[in-house]
Amino acid sequence: MSLRVLVFDSGDPKFDLAFEEALARLRARDKIPDTLRLWRTSRSVVLGYFRSAEEDVNLDVASNEGIPLIRRFSGGGTVYLDRGCVNYSIVMKREVEFPISYLYGTVLQGTLTALESLGLSPYLRNTNDVVVNGRKVSGTAASIRWGVLFLHGSVLVDADLMTLRALLRVPGRLKPSVDPVKYRVANLLEFVEGLDVDSVMDALIGGYSKVLSEDAYVDEPSKEELDVARILYRFKYSHEEWNLRLPSSHLA
Amino acid sequence: MKHHVGEHKAKKGLIRIEFDEREGIAEHVKITGDFFMHPEETVQELERELEGHKLEELEQIIDEFFAVRMDVEMPYVNVEDFKIALKNALRE
C-alpha cells in the first residue's frame, strides 16, 4: 500500500479550511485514497468547532491586523496559524474498534516520529498535545464521520508568537484541572538551529509513512477535490455565520 | 430574564452550558468548549432538545438524549460531565 501525499497551498486560509472538509467528504465516497496533506497558510485564527470567537480571540487585534477567523469542522481549541506553521491532515478509512484511540494513540505517533527524526524528544500531554522540552509545539484535532478517520495538527516551526499571544486570549486564572502546557508554546526553531519548514514537511512525510507502513508518493490535488473545496468555500467557509457564529445556525 | 452560565472541566476539554431563563424556561441554549464530540453537529441537536424546556427537566433531557444516541462518540467526556456543567449553570 502507498500513502498519497498532497503538498498544496491555496494562498487563502478560508479555502484551505474548506479543502480539509473536501478531503474528508471525498474520502467518504472513495473518490480519493488515504491521503496525507501538508500545507501552510497565511495569518489566520482557526477556531475549534465548539469554540466561541469572543471568548478565545482578541477581536480588535484580529480586525486591526486584518487576520481572518475561520471555524474548522473538528473540535478542540483555537489556534493561530501563519506561514511559520506546518499543518498536516490525514484522512483515512480503517476498520478499528476504537477510532479515537487509534487516531491519538497510533496515528499521531507519525508526528512524534517526525520530530524524533529531527533530533527532538517529543511526548504527548493531555492525550493530543505534542510537547518538546516542556513546551507545546503542536496541537491536534480529530474528527470521525461518514466512516472516515480524520486527524489534523499544526506544528509551530517559525511562527510569529508575538502575534499569537496578542491574538489568543488565555483565561486569567486557570482551573487547577487545566494543564498550563496548553498555553506554553514554542517554535521548533528554538530547539533545532536553522530548522526550516521544508525539513519539517519532509519529516512528517517520513513519520507518517513509517507509522502507517506505507510508501509515500506525492500527488497533485484532483479537479474534484478543488471543486468540492470551492463549493464548501462558497457556502460555508467564506461566511461569517459559519466562522464567527456558534454552530447552531450553521450550514451543515 | 436571567442568564445562566455553567462550566465543567472534563478529563479532556472544558464544557460550558449557557442559557437564558424566562419564566422557568430555558431559551437561547448554547453549548461551547474545547471538547470533542463526533459527529460534531450532535451538539446543536442537544441545544435544540434543551431549548424551550423547564429548567428542572434539562438534566433528564440530557440523559435521555445520550441514552438513545448510539452514533455519538465523546472521547474523554461523558454524559455526567454535561450534567455537571448544567448543574453549575443552574446553581448560578
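These protein sequences, in sequence, are chains A and B. Going by numbering that gives the first Met the number 0, the first sequence opens with residue 0, and the numbers climb by one from there. Going by numbering that gives the first Met the number 0, the second sequence opens with residue 0, and the numbers climb by one from there. For glycine and all other residues, C-beta sits at the position ideal for the given N, C-alpha and C.
Answer yes or no: do L107 of chain A and L187 of chain A have a C-beta to C-beta separation smaller than 9 Å? Taking 9 Å as the Cβ cut-off, L107 of chain A and L187 of chain A do not qualify as a contacting pair.
Can you find a CB in chain A that lies within less than 9 Å of the CB of M69 of chain B? Chain A, which has no Cβ nearer than 9 Å to the Cβ of M69 of chain B, makes this no.
Taking 9 Å as the CB-CB cut-off, is V42 of chain B touching chain A? It does: the Cβ of V42 of chain B has a partner Cβ on chain A nearer than 9 Å.
CB-CB under 6 Å to V28 of chain B, same chain, minus the five flanking residues each way: which ones, in chain order? So the qualifying residues of the chain are F18, E46, L49 and E50.
Check whether the Cβ atoms of M73 of chain B and F49 of chain A sit closer than 9 Å, and answer yes or no. If you check the CB distance, M73 of chain B and F49 of chain A do not come in under 9 Å.
Exposure of M200 of chain A, with buried meaning 16 or more beta-carbon neighbours within 10 Å: With 16 or more Cβ atoms within 10 Å of its Cβ, M200 of chain A is classed as buried.
For S198 of chain A, which residues from the same chain have a beta carbon less than 6 Å from its beta carbon, with the 5 sequence-adjacent residues on both sides left out? For S198 of chain A, where only same-chain residues beyond five positions count, there are no Cβ hits under 6 Å.
Could you tell me whether any Cβ in chain B is nearer than 9 Å to the Cβ of G47 of chain A? At least one chain B Cβ lies under 9 Å of G47 of chain A.
Mark R71 of chain A as exposed unless 16 or more other C-beta atoms lie within 10 angstroms of its C-beta, in which case mark it buried. Burial call: buried.
Look up K135 of chain A in the DSSP assignment and give the residues it is bridged to. DSSP, once it has assigned bridges, lists A:V130 and A:V184 as partnering K135 of chain A.
In three-state terms, what does DSSP make of K235 of chain A? K235 of chain A: helix per DSSP, three-state reduction.
For N87 of chain B, list the residues DSSP reports as bridge partners. DSSP, once it has assigned bridges, lists no residue as partnering N87 of chain B.
With a cut-off of 9 Å, does the C-beta of P98 of chain A fall near any C-beta of chain B? At least one chain B Cβ lies under 9 Å of P98 of chain A.
Could you work out which residue in A:T77, A:G65 and A:A140 is closest to D55 of chain A when comparing CA atoms only? Just measuring C-alpha positions, the residue of A:T77, A:G65 and A:A140 sitting nearest D55 of chain A is A:T77.
For D70 of chain B and I143 of chain A, I'd like the C-alpha separation in whole angstroms. Here the C-alpha atom of D70 of chain B lies approximately 11 Å from the C-alpha atom of I143 of chain A.
Specify, as a first and last residue, the run of the alpha helix (DSSP H) that I60 of chain B falls within. First-last of the alpha helix (DSSP H) with I60 of chain B: L57 to A66.
Assuming the contact rule is C-beta atoms closer than 8 Å, K8 of chain B and K174 of chain A should be a hit. Round their C-beta distance to whole Å, please. Your pair K8 of chain B and K174 of chain A checks out as a contact, with CB atoms roughly 5 Å apart and the cut at 8 Å.
Would you verify that the beta carbon of H37 of chain B is, or is not, closer than 9 Å to some beta carbon of chain A? The Cβ of H37 of chain B sits closer than 9 Å to at least one Cβ of chain A.
Count the other C-beta atoms from every protein chain shown that fall within 10 angstroms of the C-beta of G171 of chain A, then say buried if there are 16 or more, exposed otherwise. Looking at its Cβ environment, which holds fewer than 16 other Cβ atoms inside 10 Å, G171 of chain A is exposed.
Do you know offhand how far F97 of chain A's Cα is from G104 of chain A's? Taking the straight line from one Cα to the other gives about 10 Å.
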